[in-house]
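For the sequence shown, this note's numbering gives the first residue as 572, with consecutive numbering after it. Don't be surprised by glycine CBs; every beta carbon is placed ideally from N, CA and C.
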Amino acid sequence: MTPIVRPATADDLAAVRLIGILSWPPTYGPTRGAGYVVAGLDRYWSDEAIGTAIREERVDVACRDDTVIGMSEVDRMGNDLVLWKLYVAPDQQHRGVGRRLVDAGKERARAIGGDLVTEYDIGNATVRGFYLRQGFRDDVAPWPGTDAVWMRWALSRQR
């Protein structure tokens with residue numbers, strides 16, 4: 572069954588948090604360590620952080636059979652949207668879920684007439700390839716001192 576992507580609701584809070592709990596250890600543990608994972612889960616995946624993002628209508632969820640299997644979070648930065656989070660349950664990866672969530676982010680960007688930008692850890696070639704396949708291109712970081720690689724999906728290139 573093809574996953575359905577929809578805006579998250581307050582009822583999705585626990586399921587969205589679970590996506591973070593399931594995906595952060597294998598994503599960041601091997602390169603950043605357990606301390607980074609624990610601190611990140613506490614900071615970015617708390618009830619407060621996720622609840623606020625859901626209330627502000629910045630979170631989309633991908634569902635299969637009414638089960639949340641992935642999530643994305645966007646936020647406005649100037650005229651553009653930043654895709655801050657894109658995570659899919661490990662057992663649901665490589666099935667088109669991430670692509671569908673990125674497509675939802677692109678639709679949000681189109682609605683405001685802006686681009687969609689995102690960032691990833693420099694050593695993550697898998698993520699880089701994924702974003703390149705979704706039409707993103709390398710971009711400059713929006714602020715100095717970051718070690719993340721930034722990419723941009725430009726609305727103007729889609730016309």
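Query                                                                                                                                       : Result
How many Å lie between residue 608 and residue 638 at the Cα?                                                                               : 24 Å
So for residue 737, helix, strand or coil by DSSP?                                                                                          : The question about residue 737 has no answer, for the chain in this structure spans 572 to 730.
Using DSSP's beta-bridge definition, name the partner residues of residue 644.                                                              : 630, 656
Answer with buried or exposed for residue 591, where buried requires no fewer than 16 other C-beta atoms within 10 angstroms of its C-beta. : buried
Check for me: the alpha helix (DSSP H) holding residue 578 runs from which residue to which?                                                : Where residue 578 is concerned, there is no enclosing alpha helix (DSSP H), although the beta strand (DSSP E) it sits in stretches over 575-578.
For residue 709, report the span of its beta strand (DSSP E) as first-last.                                                                 : 708-710
Measure the C-alpha to C-alpha separation of residue 641 and residue 630 and round it to an integer number of angstroms.                    : 10 Å
With a cut-off of 8 Å, do at least 3 Cβ pairs link the region 710-723 to the region 665-678?                                                : no
Could you check if residue 660 is buried or exposed, using at least 16 other CB atoms within 10 Å of its CB as the buried criterion?        : buried
Along the chain, where does the beta strand (DSSP E) containing residue 689 start, and where does it finish?                                : 687-692
If the criterion is Cβ atoms closer than 8 Å, does the pair residue 612 and residue 595 meet it?                                            : yes
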